[in-house]
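**Q**
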Amino acid sequence: MNKSLMLPSGILAEEADYKDQIIDEYNNNPFIQALPIIRDKEEIVTILSQNLKILKKELELDEYVRIHMLQRIYKGVFQVLPIHIKVFNMIDTLIRQAYIDRNPFNPEYIRHINKLGNKLINKDFSMSVNSNFVTTASCGLLCGFSGMGKTRIVNKILENTPQVICHNSYNNTDFNTIQVTWIKLEAPHNSSLKALTLQFFMKIDELIGSRNMERYAVKNLSVDAMLPIMGQLANNINLGLLVIDELQHLNKNTSQIMNYFVALMNTFAVPIFLIGTPACYDMLTGELRIARRVTGSGEIIWNNMQNNKEFRIFMNGIWKNQYVINKAKLDEDMVNLFYEKTQGISDLVVKLFVNTQKVAIERNIETITKDLVEKVWDKEFKLLKPMINSISSNNKAKMFKYEDIRLLESSSIAKKNEVVQQNLSEEKVTIKELIQQKNKRKIKISELGEDDIRKIVMEGIKNGKNNYDSLLNSGVIVSVDNILGAI
């Protein structure tokens, strides 16, 4: 076990313990060798898994006590799924890869950060540096349905990564520095990049006891001036990864936001991990620069679970945690019922499970039944029914009304960006012109994709429908009445 040190801020830091790494380029670099060795799948599952141990004597307690104990399920249970392992590996890879060329014994890197520091000393806030340094920093994205546990899994992974590491000597050479492997920020609701930067300063102050907020917050600096300061501070603490949660809040001034991220990666070699709902996806597809970065490390699209093996693993994981006296068995009908009500959104599954037990204890039923699940859902989850119905209907137009549950395809953002750019550059044609083109070129309906508007319109004409009804029935558009009804 690594030795812990107390920093002036009161934070416990680990003393660097250098380990031989499996991959050659991860050796001869103190920042990477101080990290835990790469973990295999079984180790990751062991690290992330979290289960309750419900004692027999606890089930004998009065109902009002067991109702309180039900709350343990929310924080005390974590069922590992394949997607969690993917997120773990992405974060671990981002941190290690970014440190490859940020080796403190790399002359090119030392010259690069010295030039950046000198520019700040001379109050030159431009970020153009004539340097041969090439960054290995990249960007990762975790984007998907609200309620699937994106923030929770990232927090669990970061908690199992030593955040602050103190170095004293390396290979018999004095090496007195501090390494912060990660910092996690939450995007401000007002889309303010300045607020995001000040939050970064505050996090550093909390970790190492510095006074950056006091130094920079009172100066009323612009974002353009604060960004290079932020980048230089990231280099000073040897930051391994910047995590930004709730990315969808930064939905204003998209171009400026993307410039901000790209500058952190290109100039200061800071890797970024972005977390957001589908509402943030359009921000990324519109910027090829950030799209290329995301493509380099991958994007993880996290839609709702399907009613398959993964959902059954999840159900089995939580079903063990029953505080009712008569534990119910999990059969196929119960699994299907829970899926029908929640559509595989993990947060809703857990809440329905907990609330059903709560009612069972309160009414002295003391078991989970299908009839009780139905009643609890109908009474206590009324606000969610329109959203769940839109998911179960698989109607893209209905789901589009709720930005945090919009289905995303698991394909590259960069590829999507290229398609968008290509479509914008092509000549726009009306539906009538498409039909005319079809007649001239003799395009067969069978050659078109299922979601191709031309196919939808052609089949509608064939069946005597007008264009509006064809598009409405297919879910491509929504009626005005439905939109007004949702407001």
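Numbering-wise (my numbering), the sequence shown opens with residue -16 and increments by one.
We treat Cβ as the ideally placed atom computed from N, Cα and C, and that holds for glycine.
1. Under the rule that 16 or more other beta-carbon atoms within 10 Å means buried, what is Ile6, buried or exposed?
2. DSSP three-state label for Asp(-11), please.
3. Should the stretch 37 to 54 be regarded as contacting the stretch 115 to 123, the criterion being three or more beta carbon pairs within less than 8 Å?
4. Three-state secondary structure (DSSP) at Ile466?
5. Give me the Cα-Cα distance between Val356 and His67, rounded to the nearest whole angstrom.
6. Expressed to the nearest angstrom, what Euclidean distance is found between the alpha-carbon atoms of Glu43 and Ile308?
7. According to DSSP, which residues form a beta bridge with Lys167?
8. Only counting the same chain, and skipping five residues up and downstream in sequence, which positions put a Cβ closer than 8 Å to that of Asn449?
9. What are the residues that DSSP puts in a beta bridge with Cys126?
10. How would you label Lys473, buried or exposed, when you count the other beta carbons within 10 angstroms and need 16 or more for buried?
11. Scan the stretch 79 to 119 and note each continuous alpha helix (DSSP H) run of 4 residues or more that stays entirely inside, going in chain order.
12. Between Ala208 and Val245, what straight-line distance do the alpha-carbon atoms span, to the nearest angstrom?
13. Per DSSP, which one or two residues make a beta bridge with Phe61?
14. Which whole-angstrom value is the C-beta distance of Ile161 and Cys149, which I expect to be below 8 Å?
15. Determine the direct distance from the alpha carbon of Ile140 to that of Ser129, and round the result to whole angstroms.
16. Is Ile220 closer than 8 Å to Ser(-8) when the C-beta atoms are compared?
17. Look up Lys411 in the DSSP assignment and say whether it is helix, strand or coil.
18. Spatial neighbours of Pro19 within its chain, please: CB distance less than 8 Å, with the 5 preceding and 5 following residues excluded, ordered by chain position.
19. Applying the criterion that 16 or more other CB atoms from any shown protein chain within 10 Å of the CB defines a buried residue, is Tyr47 buried or exposed?
20. Can you tell me the Cβ-Cβ gap for Val60 and Asn34, rounded? I've got them flagged as a contact below 8 Å.
21. Return the CA-CA distance between Ala(-1) and Ser32, expressed in angstroms with no decimal places.
22. Just mark Gly132 as buried or exposed, buried being the case when its beta carbon has 16 or more other beta carbons within 10 Å.
23. By Cβ distance, which residues of its chain are closer than 7 Å to Ile255, with the 5 residues on each side in sequence left out?
24. Exposed or buried, what is Val147 when buried is set at 16 or more other beta-carbons lying within 10 Å of its beta-carbon?
25. When you compare only the Cα positions, how much space is there between Lys72 and Ile258?
26. Closer than 7 Å by C-beta to Ile466: which residues in its own chain qualify, once you throw out the five before and the five after it? Chain order, please.
27. Could you tell me the alpha carbon to alpha carbon distance between Asn195 and Phe184, rounded to whole angstroms?
28. Does the structure place the stretch 82 to 89 close enough to the stretch 368 to 378 that three or more beta carbon pairs sit under 8 Å?
29. In terms of residue numbering, what span does the alpha helix (DSSP H) encompassing Ala217 cover?
30. Which residues in the same chain have their Cβ closer than 7 Å to the Cβ of His232, if we skip the five residues on either side of it in sequence?
31. Leaving out five residues on either side along the sequence, give the residues of the same chain with a beta carbon under 8 Å from the beta carbon of Thr339.
32. Ordered along the chain, which non-local residues of its own chain (more than five positions away) have a Cβ less than 7 Å from that of Gly508?
33. In terms of alpha-carbon separation, which member of Lys39, Ser(-13), Arg79 and Lys36 lies closest to Pro13?
34. Do Cys126 and Pro261 have their beta-carbon atoms positioned less than 8 Å apart in this structure?
35. Quick one: Cα of Phe321 to Cα of Arg295, how far?
36. From the DSSP output, which residues share a beta bridge with His150?
**A** Short version:
1. exposed
2. According to the sequence provided, residue -11 is Met. The question's Asp does not apply to it. In this structure, Met(-11) counts as strand in the three-state DSSP scheme.
3. no
4. At Ile466, the pLDDT of 42 sits below 50, so the modelled position is not reliable; the number obtained from the coordinates is stated separately. In this structure, Ile466 counts as helix in the three-state DSSP scheme.
5. About 28 Å.
6. 8 Å
7. Bridge pairing for Lys167: Val226 [DSSP].
8. Gly443
9. Gly259 and Ile284
10. Residue 473 lies beyond the stretch modelled for the chain, which goes from -16 to 470, so this question has no answer here.
11. 90 to 104
12. Each residue's Cα considered, the two are about 16 Å apart.
13. Gln33
14. 6 Å
15. 19 Å
16. no
17. Confidence at Lys411 is low in this model, with a pLDDT of 43, below 50, so its placement is unreliable and the value that follows should be read with caution. The answer is coil: DSSP assigns Lys411 none of H, G, I, E or B.
18. Lys2, Thr144 and Pro145
19. exposed
20. Between Val60 and Asn34 a beta carbon distance of about 6 Å is seen, short of the 8 Å cut, so the two are scored as contacting.
21. Going from the Cα of Ala(-1) to the Cα of Ser32 covers about 27 Å.
22. buried
23. Cys122, Leu225, Ile227, Phe244, Leu247 and Met248
24. Counting Cβ neighbours within 10 Å, Val147 comes out buried, since at least 16 surround it.
25. Before going on, a small fix: residue 72 reads as Asn here, not Lys. Those two C-alpha atoms are separated by around 15 Å.
26. Only weak support is given to the placement of Ile466: the predicted model assigns it a pLDDT of 42, under 50, and the question is left unresolved by the model.
27. 6 Å
28. Put simply, the stretch 368 to 378 does not touch the stretch 82 to 89. Fewer than three CB pairs are less than 8 Å apart.
29. Val206 to Asn219 is the extent of the alpha helix (DSSP H) around Ala217.
30. Ala170, Pro171, His172 and Ser174
31. Residues Ile351, Leu355, Val356 and Val359 of the same chain have their beta carbon placed closer than 8 Å to that of Thr339, with the five preceding and five following residues left out of the count.
32. Lying outside -16 to 470, the shown extent of the chain, residue 508 is not represented and no answer is given.
33. Ranking the options by Cα distance to Pro13, first place goes to Arg79.
34. yes
35. 10 Å
36. Thr160
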